[in-house]
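Reading through the structure tokens given below for one structure.
Numbering (full-length UniProt numbering), first residue to last: 1 to 287.
In structure tokens, the structure reads:
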């Protein structure tokens, strides 16, 4: 369900608030990232100029639940009808927020001709309270007493090393999330935007490879993958690698500072593009 509210300050100045609420049958640890990146692609297709959407992270809480979310404040140009000129390009101040609200998708989208970022954030908070995001999340929480299932990419089945190493990484991520998350967090979502969980999973994957590289079958592609990962690790660039792999949609503020130098590092060391592939997802089927 999508509902839009329009406030017109004048014929040419207006603010549009759109709320999206709909149930889902499955949630995975990539859901927030995938939805954010999908929106970024879509809005760039419809904008007159390139749109930069810096991901930011937040949470809303009560004494029972934490709902984590990703949001961005950005400018985008839209074409609107104009009585005298037919059409005109208009720059909008905009906000997008996507919430991990249990078995529900909840999104807020605001575009305005004249609101400041502070006003956009204030309107977002009012919408969160008015629509009771925490109450929505409470109606369909995750089965936290069960471990999430693991979905493997078909690519990892090419050899036993890649399959087993990927399972080790997935299980390490489950372990990290279990040990470092409050029950209030994981009742509503995976809360998996923290780079430390990715670092832990990657390190455990590398440990497994180094221990078993002479005992398990591996194709040339798998050997190249781990050789590249070892080069990255030896140069202490795991966090930069993970920031790049996740297209910047991960909670690592320093990542943007090192983005250019890391890309140069990849080029100089002939790091394969496959290093950025996502090989597993953690998920729950929601009844």
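Built from N, CA and C at the ideal position, the CB exists for glycine as well. Remember, it's a predicted structure, so these values are computed and weren't measured experimentally.
Self-check item: For residue 206, the nearest candidate out of 166, 220, 243 (CA to CA)
Solution: Ranked by Cα distance from residue 206, the first of 166, 220, 243 is 166.
Practice problem: Sort 222, 228, 173, 193 by Cα distance to residue 204 and report the nearest one. | Solution: That would be 173, whose Cα lies nearest to the Cα of residue 204.
Quiz item: What is the DSSP secondary structure of residue 111, reduced to helix, strand or coil?
Solution: In the three-state reduction of the DSSP assignment, residue 111 falls in the strand class, which pools E and B.
Quiz item: Does DSSP classify residue 336 as helix, strand or coil?
Solution: Outside the displayed span of the chain (1 to 287) sits residue 336, for which this structure offers no information.
Quiz item: So is residue 162 buried or exposed if we call it buried at 16+ other beta carbons inside 10 Å?
Solution: With a threshold of 16 other beta carbon atoms within 10 Å, residue 162 meets it and is buried.
Self-check item: Touch test, the segment 271-279 against the segment 3-13, Cβ-Cβ under 8 Å, three pairs minimum
Solution: The segment 271-279 is not in contact with the segment 3-13.
Quiz item: Which first and last residues belong to the beta strand (DSSP E) in which residue 61 is found?
Solution: Residue 61 -> beta strand (DSSP E) spans 56-61.
Quiz item: What runs of the beta strand (DSSP E), each 3 residues or longer, lie entirely inside the segment 234-278?
Solution: If only complete runs of 3 or more residues are kept, the segment 234-278 shows no beta strand (DSSP E) anywhere.
Quiz item: What's the C-alpha gap between residue 217 and residue 225?
Solution: Spanning the alpha carbons of residue 217 and residue 225 requires a straight line of approximately 14 Å.
Quiz prompt | Unbroken beta strand (DSSP E) run spanning residue 15, endpoints | solution = Start and end: 14-23.
Quiz item: Relative to the C-alpha of residue 244, which residue among 255, 251, 196, 236 is closest?
Solution: The shortest C-alpha to C-alpha distance from residue 244 to any of 255, 251, 196, 236 is the one to 255.
Exercise. For the segment 107-170, list the beta strand (DSSP E) runs that are entirely contained and at least 3 residues long, ordered along the chain.
Key: Here the runs fully enclosed are 149-152.
Quiz item: Are three or more beta carbon pairs between the segment 108-122 and the segment 92-99 nearer than 8 Å?
Solution: Segments in contact, yes.
Self-check item: Length of the line joining the Cα atoms of residue 1 and residue 20
Solution: Their Cα atoms are separated by approximately 6 Å.
Quiz item: Given that a residue counts as buried once 16 or more other Cβ atoms are within 10 Å of its Cβ, and exposed if not, what is residue 31?
Solution: Looking at its Cβ environment, which holds 16 or more other Cβ atoms inside 10 Å, residue 31 is buried.
Quiz item: Quick one: what does DSSP say residue 92 is sitting in, helix, strand or coil?
Solution: DSSP places residue 92 in the strand class (E or B) of the three-state scheme.
Self-check item: Beta-carbon proximity check, residue 199 vs residue 263, cutoff 8 Å
Solution: Not in contact: residue 199 and residue 263 (Cβ atoms no closer than 8 Å).
Exercise. Closer than 8 Å by C-beta to residue 138: which residues in its own chain qualify, once you throw out the five before and the five after it? Chain order, please.
Key: Same-chain partners within the cutoff: 64, 65, 102.
Quiz item: Assuming residue 156 and residue 279 make a contact with CB atoms under 8 Å, what is their CB distance in whole Å?
Solution: Approximately 5 Å separates the beta-carbon atoms of residue 156 and residue 279; this is inside 8 Å, confirming the contact.
Exercise. Work out the CA separation of residue 122 and residue 75 for me, nearest whole Å.
Key: Put simply, the backbone Cα of residue 75 is about 17 Å away from that of residue 122.
Exercise. Note the first and the last residue of the continuous beta strand (DSSP E) segment covering residue 45.
Key: No beta strand (DSSP E) contains residue 45, which is instead part of the alpha helix (DSSP H) from 31-46.
Self-check item: Coil, strand or helix - residue 287 by DSSP
Solution: Residue 287 carries a coil assignment under DSSP once its states are collapsed to helix, strand and coil.
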